[in-house]
Amino acid sequence: MDILIFSTSVNKPEDVEQVQPILTSVQAIEDWNFDLEDCDNILRVVSNDLPPKYIESLLNNAGFKCEELAY
7 MDILIFSTSV NKPEDVEQVQ PILTSVQAIE DWNFDLEDCD NILRVVSNDL PPKYIESLLN
67 NAGFKCEELA Y
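Counting in my numbering, the sequence shown runs from 7 upward without gaps.
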């Protein structure tokens, strides 16, 4: 199980509602959540064998910035 962490431009609950159907439709994602209190509007994704670039492209295609953070 991998935990991927991203900095995003998702910054309000309405944005989360917009990306929710996108993230929940990916079967390889076990769980995900946003921390909108963090200055980087963190997205955490729990998955098996999912490349970070895939998550980045999903959010970018939805109109949001998304970049994996090293940890």
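For every residue, glycine included, the Cβ atom is placed at its ideal position computed from N, Cα and C.
query = Would DSSP call V22 helix, strand or coil?
reply = helix
key: N39 - containing beta strand (DSSP E), residue span   = 35 to 41
ask   = Hey, would you say L65 sits closer than 8 Å to V32, going by beta carbons?
value = no
request  = Answer yes or no: do N47 and M7 have a C-beta to C-beta separation smaller than 8 Å?
outcome  = no
ask   = Roughly how many angstroms lie between the CA atoms of D41 and P58, to the nearest whole one?
value = 18 Å
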